[in-house]
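Enquirer:
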Amino acid sequence: MDYFIIQQDQSITNPIIPITTDLEDDFIGSSVFGEVVEKDNALYLDYLDRPRQIVSDALKELLAKYEDSLDFTAMIFTDVEEETQRIYWLMEVAKKNCISSATTYYPDGTIKELVIDPKKVELDCIFRVSSTRESFIVINLEVAESILRRPFIGIQLQRVKLAGQ
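In terms of this note's numbering, the sequence shown has 946 at position 84, counting the first letter as 1, and numbering is strictly consecutive.
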């Protein structure tokens, strides 16, 4: 099985920008409110990396079909100037300790090339891989293909190397 890191497409220069939220790292309530700033022709991306992993309603529905252990918290983005609101979902993903010893690091401790041990992944379709300095959301090939068949905006997939291959 192939695996991919899902991340926000950094080539999109005009995404919405969450500027304030009532989101605290240790607290997730039933819903979270956030204020956004829309630049000219701003795009509401389907996947945002910051402040945490946030997905659109359509992407949430798709991901929930593949992994029933995902936790979602509603997040309402409000643009006060434009008087618009959109629902997004803060995504909590189970962490897997599957980083292979073949993973290479930069001197500052960030990952240069992620290599995962497929034996430790088991049957999970979506999971979080964390090192001491960073965290990645990883999806399997089936989920990646399903995402690519739909008109999602702002998602980039990066293939992950597997140990022993």
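Quick reminder that beta carbons are idealized off the backbone N, C-alpha and C, glycines included.
1) Are Val991 and Lys958 close, meaning C-beta to C-beta below 8 Å?
2) By how many angstroms is the C-alpha of Val917 removed from the C-alpha of Phe939?
3) Express the C-alpha separation of Glu954 and Asp888 in angstroms, rounding to a whole number.
4) Between the Cα of Thr935 and the Cα atoms of Glu943, Leu952 and Lys922, which residue gives the shortest distance?
5) Roughly how many angstroms separate the alpha carbons of Asn876 and Ala904, rounded to a whole number?
6) Can you name, in chain order, every residue of its own chain whose Cβ lies under 6 Å from the Cβ of Val977, other than the five neighbours on each side?
7) Check whether the Cβ atoms of Ile999 and Asp908 sit closer than 8 Å, and answer yes or no.
8) Per the DSSP calculation, Glu954 is bridged to which residue(s)?
9) Leaving out five residues on either side along the sequence, give the residues of the same chain with a beta carbon under 7 Å from the beta carbon of Asp911.
10) Tell me which same chain residues have a C-beta within less than 6 Å of the C-beta of Arg1021, skipping the five on either side of it?
11) Measure the C-alpha to C-alpha separation of Gly891 and Phe989 and round it to an integer number of angstroms.
12) With respect to the beta strand (DSSP E) encompassing Tyr865, which residues constitute its N-terminal and C-terminal limits?
13) Going by C-alpha to C-alpha distance, which of Ile878, Glu929 and Asp930 sits closest to Glu944?
Expert: With the given structure in hand:
1) Counting from one through the sequence shown, the residue named residue 991 turns up at place 129. Counting from one through the sequence shown, the residue named residue 958 turns up at place 96. Yes, they are a contact pair.
2) Translated into positions along the sequence shown, residue 939 becomes position 77. Translated into positions along the sequence shown, residue 917 becomes position 55. Phe939 and Val917: Cα-Cα distance of roughly 12 Å.
3) As a position in the sequence shown, residue 888 is number 26, starting the count at 1. As a position in the sequence shown, residue 954 is number 92, starting the count at 1. Note on Asp888: pLDDT 45, under 50, position unreliable in the model; the coordinate value appears next. Near 12 Å, if we compare the C-alpha coordinates of Glu954 and Asp888.
4) The residue you call residue 935 lines up with position 73 of the sequence shown. Minimum Cα distance to Thr935 is reached at Leu952.
5) Counting from 1 along the sequence shown, the entry for residue 876 is found at position 14. Counting from 1 along the sequence shown, the entry for residue 904 is found at position 42. C-alpha separation (whole angstroms): 5 Å.
6) By one-based count along the sequence shown, residue 977 stands at place 115. Answer for Val977: Ser962, Ala964, Thr965, Lys1023 and Ala1025, listed in chain order.
7) Mapped onto the sequence shown, residue 999 falls at position 137. Mapped onto the sequence shown, residue 908 falls at position 46. Not in contact: Ile999 and Asp908 (Cβ atoms no closer than 8 Å).
8) Here residue 954 refers to the residue found at position 92 when the sequence shown is read from its first residue. Per DSSP, Asp933.
9) For the purposes of this step, residue 911 is taken as residue 49 along the sequence shown, with counting starting at 1. Within the same chain, Asp911 has close Cβ partners Gln869 and Gln870.
10) Translated into the one-based positions of the sequence shown, residue 1021 becomes position 159. Correct list, in chain order: Phe866.
11) Sequence index remark: in the sequence shown, residue 891 carries index 29 (1-based). Sequence index remark: in the sequence shown, residue 989 carries index 127 (1-based). In this prediction, Gly891 has a pLDDT of 46, which is less than 50 and means its spatial position is unreliable; nothing more can be read from the coordinates.
12) For the purposes of this step, residue 865 is taken as the residue at position 3 of the sequence shown. Per DSSP, Tyr865 belongs to the beta strand (DSSP E) from Tyr865 to Gln870.
13) Taking the sequence shown and counting its residues from 1, the one referred to as residue 944 is at position 82. It is Ile878.
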